[in-house]
Structures are given as C-alpha cells and as structure tokens.
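So the structure is just underneath, and the comments pick up after that.
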C-alpha cells in the first residue's frame, strides 16, 4: 500500500525530499515524522544585520501583510539555523508572531556542513562567547525595531538545547523582554572565559518570566539540576515555571530526530503559546 500521508508522496520520497531541504549534515537521516510548515500566507526571508566584526545572517518569518507583530527571537540548537529552526519560525508566524532566527555561530563556522557532532562542539560551539551571543541578540532586537512588521517593544525569546540555555541567559541580560521559553537548556556547569555564568547563578535575579520545558529522562540534565534551579528561582520574583515531561528525553521537540516525542512536543508548543500570550505577547 502506498503511504500518501505526506502530500501524496511515498514515505521514501518524502524522506528523500527532506534530506535535500536544508537540514544540517550532522542530523541525517531525517525522520519521516518531520513537520514541514508551508510558507503560504507568510512573508519569509533572510537579512544581514551589522554587528561587531561582520554581518549577522538571520532568517525571519511573519504573517503576510501584517505590521507590528509581537516579536519572538528563536535561538538555534548546536546545529545552527537549519530547516528545523526555520520551520519553528514559520510555526510562530502562523500563530501571529514575527520570528527571527539569527546565525549565532557565523563568525566561527558553518555547522550545517559539518557531519560530526563532536567536531561541531569542539571546533565551533566551544569557541562561541556568551557575550557575543547576547550582543548579537541585542542587535536583532534593534534591527527589528526598524522594521514595520515587528513590534520590538513586545518581544520574547525561545531556544532549544544550546539555545535553551541562551534563552535563560538572555532573559537575565535583557529585562525588557516580556517572556522566555527554554526547551531543555543546560542549567549549570563549569564556567569558562566564553561561558562565565550559568542560568542557575542568575536565577534569583531574573525578572523576566521563563517557562522551562524539560524531559524527565534527559541524561544530560538530571532532575536534581532542575530542582536546584527551581529553588534558586523561588528566591526571586520572575514568576518562572517548569514543566517536566515524564519519560521524555532530551530534544523531545526535535521532530526530525529519533528523540522526538509527539505528546510532549505538542503539549510544550501549546504551553509556549499560552505563556507568551499571558505575558504581554498576545497576538
């Protein structure tokens, strides 16, 4: 029997099409469950923003023909702004937001063309300073403020894995944000010249409400780390919260990978939209 669940394509043809549609080399092969959000009814594109030592490439998406949409910054996983992250931007645009995903490794290298995860971590990610990332995100907000399609005064941030940690850090860095959603971002760890502070160290000073979406079975982020973060947050006044999904592993939202868990991913997305709407970012 022919599987026509993907727009009339057989499963084999669908997966072949996915592999050629902009996913990072390190995440091949692509799962047949991968979500592809169409761009019809949206304005999508790329831009370059002047920043220190170069021009920051960004992908952006928003509802077609609409102006002053609330803005969401979308922060990449370690694999860069590949098709999954662009699709997240389109999902947000379909929900009424202007979404911007900056290429935060552009000075250090193009990770989409590196097939080995350890090489990505050692040769690129480890060389990216937090201060550079936070400044680039500031530049994205400043650029968005010059665009008619976005209301940079109503802004939030979300990020996945590496980007989940950055979402916590940027919420601490920029108290003018309305809200943040961090998907399974690391909460604590060793400090270095490039990563001088971890989210746990900043939790008690947060004023921006952050929703943390985490998996109970995440081998890299143990439950006692989440409990320490909750305790630190309780000393502050940000109103941040956690949802921990029973049995879910790391990267449970990544529908293009074997780690995807549909129930947790769909519930997390609904919570993301509700969190933003409840904290000044209703569309």
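Numbering (mature numbering (1 follows the signal peptide of the UniProt record, and there is no 0)), first residue to last: -26 to -1, 1 to 257.
All C-beta atoms in this analysis are idealised placements derived from N, C-alpha and C, irrespective of residue type, glycine included.
Burial state of residue i (16 or more Cβ within 10 Å)
i: residue 130; result: buried
i: residue 104; result: buried
i: residue 201; result: exposed
i: residue -1; result: buried
i: residue 235; result: buried
i: residue 260; result: Within the shown structure, residues of the chain are numbered from -26 to 257, placing residue 260 beyond reach of any answer.
i: residue -15; result: Unreliable placement is indicated for residue -15, whose pLDDT of 43 sits below 50; the coordinate value is still reported in the next sentence. Looking at its Cβ environment, which holds fewer than 16 other Cβ atoms inside 10 Å, residue -15 is exposed.
i: residue 150; result: exposed
i: residue -9; result: Its pLDDT being 44, under 50, residue -9 is placed unreliably by the model, and the measurement read from it follows with that caveat. The residue in question, residue -9, is buried, as its Cβ has 16 or more Cβ neighbours within 10 Å.
i: residue 183; result: buried
i: residue 170; result: exposed
i: residue 22; result: exposed
i: residue 173; result: buried
i: residue 214; result: buried
i: residue -20; result: Residue placement at residue -20 is poorly supported in this model, since its pLDDT is 41, which falls under 50; the coordinates still yield a value, given next. With fewer than 16 Cβ atoms within 10 Å of its Cβ, residue -20 is classed as exposed.
i: residue 73; result: buried
i: residue 20; result: exposed
i: residue 260; result: No answer is possible for residue 260: the residues shown for the chain start at -26 and end at 257.
i: residue -17; result: Confidence at residue -17 is low in this model, with a pLDDT of 44, below 50, so the placement of that residue should be treated as unreliable; the coordinate-derived value is given next. So residue -17 counts as exposed.
i: residue 100; result: exposed
i: residue 177; result: buried
Rounded separation between residue i and residue j - CA only
i: residue 9; j: residue 115; result: 28 Å
i: residue 90; j: residue 45; result: 33 Å
i: residue -7; j: residue 31; result: Note that residue -7 scores 45 on pLDDT, short of 50, meaning its location in the model is unreliable and no value can be drawn from it.
i: residue 55; j: residue 250; result: 22 Å
i: residue 121; j: residue 221; result: 42 Å
i: residue 334; j: residue 118; result: Nothing can be reported for residue 334: it is not among the residues displayed for the chain, which extend from -26 to 257.
i: residue 223; j: residue 190; result: 7 Å
i: residue 255; j: residue 152; result: 7 Å
i: residue 18; j: residue 186; result: 28 Å
i: residue 109; j: residue 145; result: 13 Å
i: residue 51; j: residue 167; result: 21 Å
i: residue 59; j: residue 195; result: 22 Å
i: residue 212; j: residue 180; result: 5 Å
i: residue -12; j: residue 87; result: Because the pLDDT of residue -12 is 43, which lies under 50, any placement of that residue in the model is unreliable, and the number read from its coordinates should be weighed accordingly. Cα to Cα, residue -12 sits roughly 19 Å from residue 87.
i: residue 93; j: residue 203; result: 30 Å
i: residue 13; j: residue 142; result: 29 Å
i: residue 165; j: residue 228; result: 28 Å
i: residue 237; j: residue 226; result: 9 Å
i: residue 217; j: residue 188; result: 6 Å
i: residue 140; j: residue 61; result: 19 Å
i: residue 35; j: residue 68; result: 9 Å
i: residue 240; j: residue 160; result: 21 Å
i: residue 136; j: residue 208; result: 24 Å
i: residue 26; j: residue 96; result: 23 Å
i: residue 262; j: residue 162; result: Here the chain has residues from -26 to 257 only, and residue 262 is not among them.
i: residue 7; j: residue 232; result: 9 Å
i: residue 257; j: residue 127; result: 14 Å
i: residue 70; j: residue 247; result: 10 Å
Nearest-angstrom beta carbon gap, residue j and residue i [assumed within contact, 8 Å]
i: residue 102; j: residue 66; result: Not quite, the Cβ-Cβ distance comes to about 24 Å (not below 8 Å), so this is no contact.
i: residue 37; j: residue 16; result: 6 Å
i: residue 63; j: residue 85; result: Rounded, the Cβ-Cβ distance is 18 Å, inconsistent with contact.
i: residue 158; j: residue 192; result: 6 Å
i: residue 80; j: residue -5; result: About 16 Å separates the two Cβ atoms, so there is no contact after all.
i: residue 107; j: residue 83; result: Incorrect: roughly 15 Å between the Cβ atoms, too far for contact.
Residue i - partner residues in DSSP beta bridges
i: residue 36; result: 17
i: residue 157; result: 134, 187
i: residue 28; result: 25
i: residue 129; result: 45
i: residue 51; result: 54
Q: Scan the region 55 to 124 and note each continuous alpha helix (DSSP H) run of 4 residues or more that stays entirely inside, going in chain order.
A: List check, alpha helix (DSSP H) in window: 57 to 68, 104 to 118.
Q) Taking only runs of the beta strand (DSSP E) that begin and end inside the region 157 to 232, which ones reach a length of at least 3 residues, in chain order? A) The region 157 to 232 contains these whole beta strand (DSSP E) runs: 184 to 189, 215 to 219.
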